[in-house]
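full-length UniProt numbering applies: residue 1 is where the sequence shown begins, and numbers increase by one.
We put the beta carbon where it would ideally sit given N, CA and C, even for glycine.
Note that the coordinates shown come from a computational prediction; the quantities given were computed from them, not determined experimentally.
Okay, so here's the structure we're looking at.
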Amino acid sequence: MKTFLVLIFSFFTQYAFSQALDESFGNHGVLVDKRIQEFSNSLAIQKDGKIILGGGNFLLTRYNPDGTADEAFGSEGVVNNLVLNGAICNDILLQGDGKILATGSIPNRTSTNRADAIVVRFKSNGQLDSSFGANGIVLSDIQQEDNANKIILQSDGRIVITGTADNEGGESQKPGGLFVNQYMPDGTKDENFGNNGSIFLTKSLVYEVNGLAVDINRNIYIAYDSAAGTLSYILLKLDDKGSLVSSFGSKGQAEILIPGTGSGSLKNIKVHDGFILATGYSLYKGKGIRNLTLVKYTAEGYADAAFGNNGIKILEMGYNWTEGNEIGITSNNNIVVAGRFVEAYPSTKYYATLYGFSSSGNIDSTFGTNGSEVNYNAGEHSLFEKLFIDHNGVFTASGGSYFSETNTTNYMVSKYLSTNNIKNPIYVRIKKWLHHHGFTWEDRLNRNLNYYSIQRSNNGNPFVEISKIFGSNASHLQTFEDFNVPSGTNSYRVGIVNNSENISYSNTLIISKSNEDEKVIIYPNPAKYSLQIEGLSASANNKLSIVDINGNVRKTASTVNTSFSYNLSQLPIGNYALIISNGKTVISKRFIKE
């Protein structure tokens, strides 16, 4: 049987699809820095559009707006200070003067089995700033093992960090609680905050403090999760002196229980226009499936009943996992969550993904494809950890990409443009449907269309036209199959050529040859009346189930044949997973019912 590649093309306008990868950035909108074999957990954007990533052993990198390394920063765009050997960077931020603050933990230099919280300030060129602390470094010894997870600036330039402190030591021990330190702009402790610049709160079930924010009144919000039987998202509010604000929630603490869950994690918070958003994931008891969770608190510290389901939105996609790590707010107050999408077992693939929600917590169906934008160009094992949205609607999202063939993880950053800012409108958008191989797209006859130019680039070589597809198909559906897929990495795009021979291009999709080895294919996708399944096992009984996004089984069937046709006429419109089990393997495929 010949190997072929299938892609899905969907048409969109600026009203139906808000973002598209910036083709001028990195490699078709995605930069994977192979020089850095670490995962990036922090992101900062300069006023001039330059991008700073942090992570690992205080490895900082800076890139120009087009994704090239900024050679004016450190050594060829990389800062790796040996003074910080053994330290772990958890968060970075930019000061107004362009200096960079970073925080994390570092092994105690005089005592074994101890770690201290650390804050480091770099000049804009990547050198340590000697005017801050001791030669650019401030250490804080709170308990036996201290780890600063987040850093933020007050409006007056004071610096706030928060994290966990362990009284007992050892990674297997529960942290003794959380700490908050506030520093003056030069790195000295703010003596008017807490006890000589620091507060420590004993919280026996705190595993990580992942949320830190301030408001215009310099109040401080700290968020963490606690799983004592049922997952809770917990938010503390302190004034700028370090005292709990008693009018917030219950004596300064707001707690929202996530119903029906046994565990999970809170990853980040966002304070905006008086309310507070928190995101992470929750794990349903008995299912073992992670679902992106978004929670909204009122300014008073209670669940906002008008948001989602009594203040809580849980995003379910059948047997697939969804996770949220960072929150962004658009100019029209819609919510974007950066994280990852994990394919259902037994697949090991996960993809960096943006999820769109309305201000009321509903899925924003105009964002991406039915509310999610999966970044296949970032690799088959990638995720977003951070997100920044600027005033022009440009999204910058960062994290890491893992490559199994080399067993390495690299810094990764992607840039998305608002479609309002794209000079040449994209009428065709390429989407690789999970497990599906081929091209299919809706034929639009009112676009002054001459033909579609199907173009391919192999291993970075120039694009060449491999086929022309003309419109006027009676079914208004066009298909294309690439029966001669070359080995290596292949990039595909579609040129839309009008009658004046002007051409505009789709986005570019990068696919490796390894994606073509799967035997089971489903089509058409989206499907309206029936779904065809081919490549089933010929030596076993194939059990087929269609599952909706809430995990409910809607249809079942079984066959010993290698192909099967599902009648979908009675299936409601929506997103579904097709689960195929033959006693040896379990395969999951997603499809849309129109």
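### Query
Going by beta carbon distance, what residues of the same chain come within less than 8 Å of His-38, once the five residues before and after it are set aside?
The residue given as residue 38 occupies position 38 in the sequence shown. It is Glu, not His, that sits at residue 38 in the sequence shown. Gly-55, Gly-56, Asn-57, Leu-59, Gly-400, Thr-409, Asn-410 and Tyr-411.
### Three CB pairs or more closer than 8 Å across the stretch 132-141 and the stretch 174-191
yes
#### Entry: Which listed residue (Asn-81, Pro-526, Leu-354 and Ser-506) has its alpha carbon closest to that of Gly-371
Walking along the sequence shown from the start, residue 371 turns up at place 371. Ranking Asn-81, Pro-526, Leu-354 and Ser-506 by CA distance to the CA of Gly-371 puts Leu-354 first.
### Query
Can you name, in chain order, every residue of its own chain whose Cβ lies under 6 Å from the Cβ of Ser-172, other than the five neighbours on each side?
Against the sequence shown, residue 172 aligns to sequence position 172. Residue placement at Ser-172 is flagged as unreliable, the pLDDT there being 45, under the threshold of 50; the coordinate-derived value follows with that caveat. Closer than 6 Å at Cβ, skipping near neighbours: no residue.
### Glu-255 to Lys-519 span [Cα, whole Å]
Position 255 of the sequence shown holds residue 255. Position 519 of the sequence shown holds residue 519. Cα to Cα, Glu-255 sits roughly 48 Å from Lys-519.
### Task
Give the single residue among Ser-130, Gly-194, Leu-178 and Ala-102 whose Cα lies nearest to the Cα of Ile-151.
Taking the sequence shown and counting its residues from 1, one reaches residue 151 at position 151. Looking at the Cα atoms, Ala-102 is the closest of the given residues.
### Query
With 16 as the cutoff for other CB atoms within 10 Å, does Pro-462 come out buried or exposed?
To locate residue 462, count along the sequence shown from 1; it is residue 462. Classification for Pro-462: exposed.
#### Entry: 4 or more residues per run - each alpha helix (DSSP H) lying fully within the stretch 19-70
none
### Query
Can you give the beta carbon distance from Phe-341 to Tyr-351, rounded, assuming they're within the 8 Å contact cut?
Stepping through the sequence shown from its first residue, residue 341 is reached at position 341. Stepping through the sequence shown from its first residue, residue 351 is reached at position 351. With a Cβ gap of about 5 Å, Phe-341 and Tyr-351 count as contacting.
### Task
Specify whether the stretch 273-281 and the stretch 321-328 touch according to this definition: at least 3 beta carbon pairs, one from each stretch, less than 8 Å apart.
yes
### Query
Who does Leu-417 pair with in a DSSP beta bridge?
Residue numbering aside, residue 417 sits at position 417 when the sequence shown is read from its first letter. BP columns for Leu-417 point to Ala-20.
### Query
Under the rule that 16 or more other beta-carbon atoms within 10 Å means buried, what is Tyr-529, buried or exposed?
Within the sequence shown, the letter at position 529 stands for residue 529. With fewer than 16 other Cβ atoms within 10 Å, it is exposed.
### Query
Exposed or buried, Pro-486, counting other C-beta atoms within 10 Å across all chains shown (16 or more means buried)?
Sequence index remark: in the sequence shown, residue 486 carries index 486 (1-based). By the neighbour-count rule (16 or more Cβ atoms within 10 Å), Pro-486 is not buried but exposed.
### Query
So, helix, strand or coil for Ala-299, using DSSP?
Start at 1 with the first residue of the sequence shown, and residue 299 comes out as number 299. Three-state result, Ala-299: coil.
### Message
Please tell me whether Ala-538 and Glu-594 are closer than 8 Å, where the distance is taken between their beta carbons.
### Response
Numbered from its first residue, the sequence shown carries residue 538 at position 538. Numbered from its first residue, the sequence shown carries residue 594 at position 594. Taking 8 Å as the Cβ cut-off, Ala-538 and Glu-594 do not qualify as a contacting pair.
### Query
Between Phe-388 and Thr-396, which are expected to be in contact by the criterion C-beta below 8 Å, what is the C-beta distance as a whole number of angstroms?
Taking the sequence shown and counting its residues from 1, the one referred to as residue 388 is at position 388. Taking the sequence shown and counting its residues from 1, the one referred to as residue 396 is at position 396. With 8 Å as the limit, Phe-388 and Thr-396 qualify as a contact, their Cβ atoms being about 5 Å apart.
### Query
Exposed or buried, what is Asn-90 when buried is set at 16 or more other beta-carbons lying within 10 Å of its beta-carbon?
Counting from one through the sequence shown, the residue named residue 90 turns up at place 90. Buried is the label assigned to Asn-90, since at least 16 other Cβ atoms lie within 10 Å of its Cβ.
### Message
Between the alpha carbons of Pro-107 and Thr-164, how many angstroms are there, rounded?
### Response
The sequence position of residue 107 within the sequence shown is 107, counting from 1. The sequence position of residue 164 within the sequence shown is 164, counting from 1. Rounded to whole angstroms, Pro-107 to Thr-164 spans 15 Å at the Cα level.
### Query
Excluding the five sequence neighbours on either side, which residues of its own chain have a C-beta within less than 6 Å of the C-beta of Val-30, listed in chain order?
As a working mapping, residue 30 is identified with position 30 in the sequence shown. So the qualifying residues of the chain are Asn-377, Ala-378 and Ser-414.
### Task
Give the range of the beta strand (DSSP E) segment to which Ser-453 is assigned.
Stepping through the sequence shown from its first residue, residue 453 is reached at position 453. Run containing Ser-453: 449-458, per the beta strand (DSSP E) assignment.
### Message
For a test of the three-state rule: what should DSSP assign to Tyr-221, helix, strand or coil?
### Response
Counting from 1 along the sequence shown, the entry for residue 221 is found at position 221. If DSSP states are grouped into helix, strand and coil, Tyr-221 belongs with the strands.
#### Entry: Where Lys-68 falls, given that 16 or more other Cβ within 10 Å makes a residue buried
In the sequence shown, counting from the first residue as 1, residue 68 sits at position 68. The residue asked about is misnamed: residue 68 is Thr in this sequence, not Lys. With fewer than 16 Cβ atoms within 10 Å of its Cβ, Thr-68 is classed as exposed.
### CA nearest to the CA of Asn-561, picked from Leu-571, Leu-536, Asn-575 and Ile-579
Counted from its first residue, the sequence shown places residue 561 at position 561. Nearest C-alpha to Asn-561: Leu-536.
### Message
In whole angstroms, give me the CA-to-CA distance for Thr-298 and Ser-358.
### Response
Reading the sequence shown from its first residue, position 298 is the one you call residue 298. Reading the sequence shown from its first residue, position 358 is the one you call residue 358. Whole-angstrom Cα-Cα distance: 17 Å.
### Message
What does DSSP give as the partner residue(s) for Pro-107 in the beta ladder?
### Response
Mapped onto the sequence shown, residue 107 falls at position 107. Pro-107 pairs with Ala-115.
### Task
Note the first and the last residue of the continuous beta strand (DSSP E) segment covering Arg-493.
Walking along the sequence shown from the start, residue 493 turns up at place 493. Residues 489-498.
#### Entry: Endpoints, the beta strand (DSSP E) within which Leu-354 is located
Numbered from 1 along the sequence shown, position 354 holds the residue referred to as residue 354. Note, Leu-354: beta strand (DSSP E), 350-357.
### Message
Tell me the residue span of the beta strand (DSSP E) that contains Leu-94.
### Response
Working through the sequence shown from its first residue, we reach residue 94 at position 94. First-last of the beta strand (DSSP E) with Leu-94: 88-94.
### Query
Taking the runs of the beta strand (DSSP E) that are 3 residues or longer, which of them lie wholly in the stretch 244-293?
253-257, 261-272 and 275-284
#### Entry: Residue from Ile-118, Ser-365, Gln-455 and Ala-148 whose Cα sits closest to the Cα of Asn-575
Locating residue 575 in the sequence shown gives position 575, where the first residue counts as 1. Minimum Cα distance to Asn-575 is reached at Ser-365.
### Query
Which of the three DSSP states, helix, strand or coil, is assigned to Asn-377?
Counting from 1 along the sequence shown, the entry for residue 377 is found at position 377. Residue state, collapsed to three classes: helix.
### Nonlocal neighbours in the same chain, by C-beta distance under 6 Å from Ile-199, ignoring five residues either side
Numbered from its first residue, the sequence shown carries residue 199 at position 199. The beta carbon of Ile-199 lies closer than 6 Å to those of Val-180 and Gly-242 in the same chain, with the five residues before and after it left out.
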